[in-house]
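As numbered in my numbering, the sequence shown has no gaps in its residue numbers, which increase by one up to the final residue, 1060.
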Amino acid sequence: MARRYHPPERPVTWVAMAGFMGTGKSRIGWELSRRLSLTFIDIDRVIERISNLRIADIFELYGEEVFREYETEVVRRCVRLDEVVVSTGGGTVTREINRQLLRERGPVVVLSATPETIFRRTRRHRRPLLELGDPEERIRQLMAAREEAYRAVASFTVSTDGRDSEDVVDDIVERLETWASEHPAT
């Protein structure tokens, strides 16, 4: 007798991950997508594929504004999808249109970490916005500048400081269940 596939119980079929660089959006988003049997989409990787350039090269050749335009176009496409976990870039939600599109589509999980944790996680990677002056101080400045945008888009915030990814994913799934019960599908 053939076994029938039974999809997992999942509180949502669309969720976005947001937060500062180095907070774990890609890793946690990928693990969350596996837990919920959803497709994982990393906006930065999509931009690199369609432009055939690394993010750092887009910044260097065309500037941040062109990169942000790419981001908004990819966000517009992602909100039309279903059964996905979307990992945004660290600055995606600095644009009001992106916050609006994401919030209207479904829950947005904002991941957070301390500046020290972020520096430790990002110091080996080329990050265009951290190449100006003292990277730890730049992290603090950017975090402060983006704090309001993260708060405005967040359905809820989860800290990744000192936690393994499985614990963070467990926390997110529990909180998505609560979110889903408070936001029944229409």
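Ideal Cβ placement from N, Cα and C applies to all residues, glycine included.
Predicted, not measured: the structure shown is a model, and the values here were computed from it.
Item	Value
Nearest-angstrom Cβ-Cβ length linking residue 996 and residue 898, presumed shorter than 8 Å	In fact, because the Cβ distance is near 11 Å, the residues do not count as touching under 8 Å.
Burial state of residue 1060 (16 or more Cβ within 10 Å)	Bear in mind that the predicted position of residue 1060 carries a pLDDT of just 48, short of 50, making it unreliable; the figure below should be weighed with that in mind. Exposed is the call here.
Start-to-end residues for the beta strand (DSSP E) that takes in residue 1050	Run containing residue 1050: none in the beta strand (DSSP E); it sits in the alpha helix (DSSP H), 1039 to 1056.
Residue from 891, 994, 918 with nearest C-alpha to residue 1036	994
Nearest-angstrom Cα separation, counted from residue 930 out to residue 938	10 Å
Range of the contiguous alpha helix (DSSP H) that encloses residue 1030	Careful: residue 1030 lies outside any alpha helix (DSSP H), inside the beta strand (DSSP E) at 1030 to 1033.
Counted within 10 angstroms of its Cβ, other Cβ atoms place residue 973 as buried (16 or more) or exposed	buried
DSSP three-state assignment for residue 993, whether helix, strand or coil	helix
Contacts around residue 1049, its chain only, beta-carbon distance under 6 Å, and the 5 residues preceding and following it disregarded	1030
Helix, strand or coil at residue 894 according to DSSP, with G and I counted as helix	coil
Proximity test, residue 901 beta-carbon vs the ligand SAH heavy atom, cut-off 7 Å	As for the ligand SAH, it is missing from this structure, which has no ligand bound.
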